[in-house]
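Residue numbers (our numbering): -3 to 178.
Heads up, the beta-carbon is just placed ideally off N, CA and C, and yes, glycines get one too.
In what follows, a single structure is set out as structure tokens and then discussed.
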Ligand code: S3P
């Protein structure tokens, strides 16, 4: 298994924010699988879904996972909500599943100005379908993770510190970058 830190969870649970907070508190770099896909396709995720569909997107996620496995070390990786389904997820690093109730996630997304957080997510356009997808996925998120963290009502900075402490207690953080920048 690689020594990356992989953050999984449903759309809108706060994976990217947690990854950035963890980067700031450990000195490790963070990357995001959706950002990588947007850069290689030169397209937004929603435009890519509209033009090519979900199976093409999943194939790109598997390509990203293979690149992480072959070429990425000591890096924090925030993932798209379906990335946990790549076949080698548990080999990519220490996988942390951010767990929150569907209603809490939905409420937080709705609270963002201009509906932006919902608009940019092609698989969150119909709330009933998103809820079903959430419950279908839940056991798999749990199965495809090394750690499960309850996140409701907690700031991403607090969750990041919890992840840092778990990694530290297991001797999994490299000595040198274990230094906050902020
Ligand atoms: C998806 C989640 C999205 C993005 C794509 C598919 C999913 O990422 O990867 O729209 O299948 O759950 P976020 O989790 O950042 O919304």
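Cβ-Cβ distances below 7 Å link residue 16 to 26 in the same chain, with the five nearest sequence neighbours on each side left out; the list follows chain order.
Looking at the DSSP output, residue 1 shares a beta bridge with 72, 90. Around the C-beta of residue 164, fewer than 16 other C-beta atoms lie within 10 Å, and the residue is accordingly described as exposed. Around the beta carbon of residue 49, a 10 Å sphere encloses fewer than 16 other beta carbons of the protein chains shown; the residue is thus reported as exposed.
Going by C-alpha positions, residue 90 is about 6 Å away from residue 2. When secondary structure is reduced to three states using DSSP, residue 115 falls in the helix class. Burial check for residue 74: the Cβ neighbour count within 10 Å reaches 16 or more, so the residue is buried.
Secondary structure at residue 139: helix, using DSSP grouped into helix, strand and coil. Beta-bridge pairing by DSSP links residue 28 to 74.
In its chain, beyond the 5 residues on either side, 86, 90, 91, 92 have a beta carbon closer than 8 Å to the beta carbon of residue 142. Nearest C-alpha to residue 58 among 84, 157, 132, 115: 84. Put simply, the backbone Cα of residue 166 is about 42 Å away from that of residue 110. DSSP lists 93 as the bridge partner or partners of residue 144. At a cut-off of 6 Å, the beta-carbon of residue 81 does not count as near the ligand S3P: no heavy atom of the ligand is closer than that. If you draw a 10 Å sphere on the C-beta of residue 35, you find fewer than 16 other C-beta atoms in it, and that means exposed.
In this structure, residue 118 has its beta carbon less than 6 Å from a heavy atom of the ligand S3P.
DSSP places residue 80 in the helix class (H, G or I) of the three-state scheme. The C-alpha of residue 108 lies about 33 Å from the C-alpha of residue 63. Distance from the CA of residue 121 to the CA of residue 82, rounded to the nearest whole angstrom, comes to 23 Å.
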